[in-house]
Amino acid sequence: MASAMLNSTIAGLNTALIGLNTTTNYQTVFEELSKSNVHLNYAERLWASWYIWMGNDVLATGVMSFIMHEIVYFGRSIPWMIIDALPYFNKYKLQNQKVPTWKEQWQCAALVLLSHCTVELPQIWLFHPIATYFNMDYGVPFPPAWKIAMHITVFFICEDAWHYWFHRALHYGPLYRNIHKLHHTYSAPFGLAAEYASPIEAMLLGFGIVGIPIVWVSVTGELHLLTMYIWIILRLFQAIDAHSGYDFPWSLRHILPFWAGADHHDLHHERFIGNYASSFRWWDYCLDTEAGADASKKRREKKLAEIRSKKAQ
Ligand SMILES: [Zn+2]
Ligand SMILES: [Zn+2]
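The sequence shown begins at 1 in the UniProt record's numbering and counts up by one.
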């Protein structure tokens, strides 16, 4: 099986490099591995050296996942914090009368960090054994770019559908009050607020991000951990940018009209109803759950037209 072969690549390299272990520094492992594996590219050698140096695949994936999540989440939020602090950008802010204070941002970051270190840590630990049980690859060489792009496209489309339905369900009275209300603390969101949510919500909506690829690999037998990382990084960018509160003339939604972007989700936070999808606009458009004044006007006009046509009959 392809995955067994690929994963065994690291095991194979491991045996070849016996004697090099955690007491050897990472740099030495990388240099030794590079000598005998000229067919691997630089990134693949870095990746394989990491697994060999760690000597524990579960721990290697867990540590790498945690660090990646923290760097991307907080790293991506910093530019938005700077933008919030610069009055020049206020003209692009969707709810420009509501700029978050440093105190609000700090409180939000503290809760997010706490949930990353408590609720998410065991899940990150469990990810490797579960994913490899379903044959996910994490060996070298990496899959071709076209395959990575294809898998990520599938995940974006499926996750958006998952998010739409479960997020919509979370707006049902008791579920909203007990679970989702926390995420709606900020009616004018900002980047850091993307993961400001209850652990139940994080698990439910997080399944769309992590669970869908696991279901995919269990059915198709094809998925590499690198693809999973690129997917999660892109989805984190999507979530943080959607919460940024800024819509620029060069924002992606102006290039891809079906891309949701910040103005879609900002309206959701402002109005509390409508715009439930994460990445794309099609679910809200087709099921008539778009939020905002324009959408309400259209709905009103549609209803009036229906009433008029009934009267005319
Ligand atoms: Zn909501
Ligand atoms: Zn939100």
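The beta carbon of each residue, even a glycine, is placed where N, CA and C say it ideally should be. Since the structure is predicted, the reported quantities are computational estimates derived from the model, not experimental observations.
Opposing strand residues paired with residue i [DSSP bridges]
| i | result |
| --- | --- |
| tryptophan 146 | Bridge partners of tryptophan 146: none, in fact. |
| tyrosine 138 | Per DSSP, none; premise fails for tyrosine 138. |
| tyrosine 246 | Lys93 |
Proximal residues to residue i (C-beta, below 6 Å), its chain only, five neighbours per side dropped
| i | result |
| --- | --- |
| valine 119 | Pro199 |
| alanine 312 | none |
| arginine 235 | Ile209 |
| tyrosine 186 | Ala193 |
| tryptophan 231 | Ile152 and Phe155 |
| aspartate 247 | Leu94, Ala262 and Asp263 |
| leucine 267 | Asn275, Ala291 and Gly292 |
| glutamine 238 | Ser279 |
| asparagine 90 | Asn96 |
| cysteine 108 | Leu192, Ala193 and Tyr196 |
| histidine 265 | Ala242 |
| leucine 204 | Phe166 |
| alanine 305 | none |
| serine 251 | Gly261 |
8 Å Cβ shell around residue i - same chain, five flanking residues per side excluded
| i | result |
| --- | --- |
| tryptophan 50 | Tyr26, Ala60 and Met64 |
| glutamate 159 | Gly208, Ile209, Ile212, Arg235, Ser278 and Ser279 |
| arginine 271 | Ala291 and Gly292 |
| valine 217 | Ala131, Phe134, Asn135, Met136 and Leu223 |
| leucine 121 | Phe66 |
| alanine 169 | Leu175 |
| histidine 69 | His116, Glu120, Ile124, Ile232 and Leu236 |
Range covered by the alpha helix (DSSP H) that runs through residue i
| i | result |
| --- | --- |
| histidine 268 | 261-271 |
| tryptophan 216 | 212-220 |
| phenylalanine 74 | 57-85 |
| tryptophan 53 | 42-54 |
| leucine 175 | 173-178 |
| valine 112 | 102-118 |
| tyrosine 285 | 282-286 |
| glutamate 306 | 293-312 |
| leucine 223 | Taken as a continuous stretch (DSSP letters only), leucine 223 belongs to no alpha helix (DSSP H), as it is neither H nor E. |
| serine 36 | 26-36 |
| alanine 202 | 199-206 |
| leucine 252 | 252-255 |
For residue j and residue i, believed in contact at Cβ under 8 Å, the rounded distance
| i | j | result |
| --- | --- | --- |
| leucine 175 | alanine 197 | Rounded, the Cβ-Cβ distance is 13 Å, inconsistent with contact. |
| alanine 260 | serine 278 | 7 Å |
| phenylalanine 258 | tryptophan 282 | 6 Å |
| alanine 188 | glutamine 105 | Their Cβ separation, rounded to whole angstroms, is 12 Å, which puts alanine 188 and glutamine 105 out of contact at 8 Å. |
| proline 143 | histidine 224 | 5 Å |
| residue 318 | aspartate 288 | For residue 318 there is no data in the structure shown, the boundaries of the chain being 1 and 313. |
| threonine 227 | isoleucine 148 | 5 Å |
| glycine 62 | tryptophan 125 | 5 Å |
| isoleucine 10 | isoleucine 52 | 7 Å |
| leucine 33 | alanine 43 | With a Cβ gap of about 13 Å, leucine 33 and alanine 43 do not count as contacting. |
| glutamate 201 | histidine 171 | That pair is no contact at about 12 Å. |
| histidine 254 | histidine 184 | Not confirmed; about 27 Å, so no contact. |
Residues of its chain near residue i, where Cβ-Cβ distance is below 7 Å and the 5 sequence neighbours each way are ignored
| i | result |
| --- | --- |
| aspartate 84 | Val99, Pro100 and Phe190 |
| isoleucine 112 | The sequence shown places valine at residue 112, rather than the isoleucine named in the question. These residues qualify, in order along the chain: Leu192, Glu195 and Tyr196. |
| leucine 6 | Per-residue confidence for leucine 6 stands at a pLDDT of 45, beneath the threshold of 50, marking its modelled position as unreliable; no derived number is given. |
| alanine 161 | Trp283 |
| tyrosine 164 | Tyr276, Ala277 and Trp283 |
| proline 129 | Val58 |
| residue 359 | Given that the chain is displayed from residue 1 to residue 313, the structure contains no residue 359 and the question cannot be resolved. |
| proline 141 | Leu40 and Glu44 |
Closer than 6 Å: residue i CB and nearest ligand 3 heavy atom
| i | result |
| --- | --- |
| lysine 297 | For ligand 3, the structure offers nothing, since it holds only ligand 1 and ligand 2. |
Test item, CB below 6 Å from any non-hydrogen atom of ligand 2:
His183, Pro189, His243, His265 and His269
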